[in-house]
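I have placed the structure first, in the form of structure tokens, so that the comments after it can refer back to it.
There are 2 protein chains.
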Amino acid sequence: MRPGTEQRVLDAAEELFFTRGIAATPIDAVLERAGVSSATLYRGYPSKEALVAAALDRRHDEWTAAWDRAVERATDDRARLLAVFDALDAFRSTPSGSRWCAFLGTAAEYVDAPQELRTVLDRETDTLRRRLTEAARPLVGDGAPALAAQLLLVVSGSLAMRLRDPGADSATARAVAEALLP
Amino acid sequence: MRPGTEQRVLDAAEELFFTRGIAATPIDAVLERAGVSSATLYRGYPSKEALVAAALDRRHDEWTAAWDRAVERATDDRARLLAVFDALDAFRSTPSGSRWCAFLGTAAEYVDAPQELRTVLDRETDTLRRRLTEAARPLVGDGAPALAAQLLLVVSGSLAMRLRDPGADSATARAVAEALLP
DNA sequence: GTCTATATAACGATAGAC
DNA sequence: GTCTATCGTTATATAGAC
Chain A
1 MRPGTEQRVL DAAEELFFTR GIAATPIDAV LERAGVSSAT LYRGYPSKEA
51 LVAAALDRRH DEWTAAWDRA VERATDDRAR LLAVFDALDA FRSTPSGSRW
101 CAFLGTAAEY VDAPQELRTV LDRETDTLRR RLTEAARPLV GDGAPALAAQ
151 LLLVVSGSLA MRLRDPGADS ATARAVAEAL LP
Chain B
183 MRPGTEQRVL DAAEELFFTR GIAATPIDAV LERAGVSSAT LYRGYPSKEA
233 LVAAALDRRH DEWTAAWDRA VERATDDRAR LLAVFDALDA FRSTPSGSRW
283 CAFLGTAAEY VDAPQELRTV LDRETDTLRR RLTEAARPLV GDGAPALAAQ
333 LLLVVSGSLA MRLRDPGADS ATARAVAEAL LP
């Protein structure tokens, strides 16, 4: 698949799968949006799930980059740890912003996810946990893994709350997080 | 539909929809499990979504009943507020326990949920918020709505974490909640 | 009230031409 | 590398008999 074509396919897949849902989005909708034929897509990706995995893979990198930018704007250890909530709000308002969370949403739709999906889903959870742990260490030292586990729950809760109240930002999540910090 | 038949249909719907996913569960799977024919089901429910709504409706009552039982076991105001986490663990291990959350899962699968689904989904969120607010009032008075909003996020986060780590219980959620209490 | 049989549509994926 | 055309399957929902 040509680079330009692949870009359009991934753009279409990302926008449709993660705002309308994967099962609710037929492959044909992705094809139409990308302006590509069925045969072309299936030459690049052997299955719908492979396309979802590729879209998630690219998205993982975009998300961590947005997170990096938020951390760089912070000026002390505490703000650097809480920057994940700035990143959450910022990333949501990008063109590729999903309805709630592309990764949790995919995990929710696939009970027995094929290996290619499990890999990228686990990778995102690991990334969240690892980066939160690193950012927590200057504040709580050996307590970092425990605090990171709590913050991962708060982040996930903030994302899940978008399903209950689509208009909410991450202010409540940030307040909860601040109560956990020393 | 006869009472016994309806019971079997709802049992099958609940077990399949909320553990395997709604879109991933064809109506035929529900029919086979319930031992009922297609025509019988569609006489009772005009669509698949109507069946989902009916299953969620019954589940809402089961869930609040389980929550009530957990509250009754508590002996002080603090324990009564935190009893929601006992209820979460207890309800999960019942025969109708879902993979993560029947209500959030349904909200995730339906971007534009039909009215019958929106109604029961909003009702469950309202129930959670209202009951948490009531339980928080003896502890924080006028601060109850704000604390309830935070606890609702923690509850939702605990449920969402089941997608990342299927083996986890609500211990981390409880620790976060305790940090929010006076 | 329940069943058997089937209509109808949509989906994921492929064959073969250019 | 991309397209047109289509295959085979599976999905929701209904018609008509008992």
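Quick note, the sequences are listed as chains A and B, same order.
Take 1 as the starting number for the first sequence in our numbering and just add one per residue.
Take 183 as the starting number for the second sequence in our numbering and just add one per residue.
C-beta: ideal position from N, C-alpha, C; glycine also.
{"Query": "If the criterion is Cβ atoms closer than 8 angstroms, does the pair L311(B) and L334(B) meet it?", "Result": "A small fix is needed here, since residue 311(B) is Arg in this sequence, not Leu. Yes."}
{"Query": "So does the segment 167-178 of chain A actually touch the segment 71-89 of chain A, counting three or more Cβ pairs closer than 8 angstroms?", "Result": "yes"}
{"Query": "Since W100(A) meets chain B, which of its residues come closer than 8 angstroms, beta carbon to beta carbon?", "Result": "A290"}
{"Query": "In angstroms with no decimal places, state the Cα-to-Cα distance between T64(A) and V191(B).", "Result": "45 angstroms"}
{"Query": "What does the alpha-carbon distance come out to for the pair D308(B) and V71(A)?", "Result": "35 angstroms"}
{"Query": "Can you list the alpha helix (DSSP H) stretches of 4 or more residues lying completely in the segment 123-168 of chain A, in chain order?", "Result": "144-164"}
{"Query": "Residue range of the alpha helix (DSSP H) that I27(A) falls in?", "Result": "27-34"}
{"Query": "Excluding the 5 residues preceding and the 5 following Q332(B) in the sequence, name in chain order all residues of the same chain whose CB lies nearer than 7 angstroms to its CB.", "Result": "L362"}
{"Query": "Since G21(A) meets chain B, which of its residues come closer than 7 angstroms, beta carbon to beta carbon?", "Result": "E291, V293"}
{"Query": "Near L303(B), which residues of its chain fall below 8 angstroms by C-beta distance, leaving aside the five closest residues on each side in sequence?", "Result": "L238, F285, T288, A289, A295"}
{"Query": "Using a 10 Å radius around the Cβ and a threshold of 16 neighbouring Cβ atoms, would you call T25(A) buried or exposed?", "Result": "buried"}
{"Query": "At the level of alpha carbons, what is the spacing between V140(A) and R80(A)?", "Result": "14 angstroms"}
{"Query": "By the 10 Å Cβ neighbour count, where 16 or more other Cβ atoms means buried, how is G157(A) classified, buried or exposed?", "Result": "buried"}
{"Query": "How far does the alpha helix (DSSP H) with S38(A) in it extend, from its first residue to its last?", "Result": "38-44"}
{"Query": "Would A342(B) pass as a contact of L147(A) if the rule is Cβ separation under 8 angstroms?", "Result": "no"}
{"Query": "If we count the other Cβ atoms within 10 Å of its Cβ and call it buried at 16 or more, is E32(A) buried or exposed?", "Result": "exposed"}
{"Query": "Does any residue of chain A bring its CB to less than 8 angstroms from the CB of V322(B)?", "Result": "no"}
{"Query": "Could you check where the alpha helix (DSSP H) with D68(A) kicks off and where it finishes?", "Result": "48-73"}
{"Query": "Which of helix, strand or coil does DSSP assign to L363(B)?", "Result": "coil"}
{"Query": "Check each residue of the segment 348-363 of chain B: if its Cβ is closer than 8 angstroms to any Cβ of chain A, include it; give the result in chain order.", "Result": "T354, A355, A357, V358, A361, L362"}
{"Query": "For A211(B), which residues of its own chain have a beta-carbon under 6 angstroms away from its beta-carbon, when the five flanking residues on both sides are left out?", "Result": "L198"}
{"Query": "Buried or exposed: which applies to V293(B), given that a residue is buried once 16 or more other Cβ atoms fall within 10 Å of its Cβ?", "Result": "exposed"}
{"Query": "Compare the C-beta of G279(B) against all C-beta atoms of chain A and say whether one is closer than 8 angstroms.", "Result": "no"}
{"Query": "Do V189(A) and L117(A) have their C-beta atoms within less than 8 angstroms of each other?", "Result": "No answer is possible for residue 189(A): it lies beyond the span of chain A, which begins at 1 and ends at 182."}
{"Query": "Exposed or buried, which one is S278(B) when buried takes at least 16 other CB atoms within 10 Å?", "Result": "buried"}
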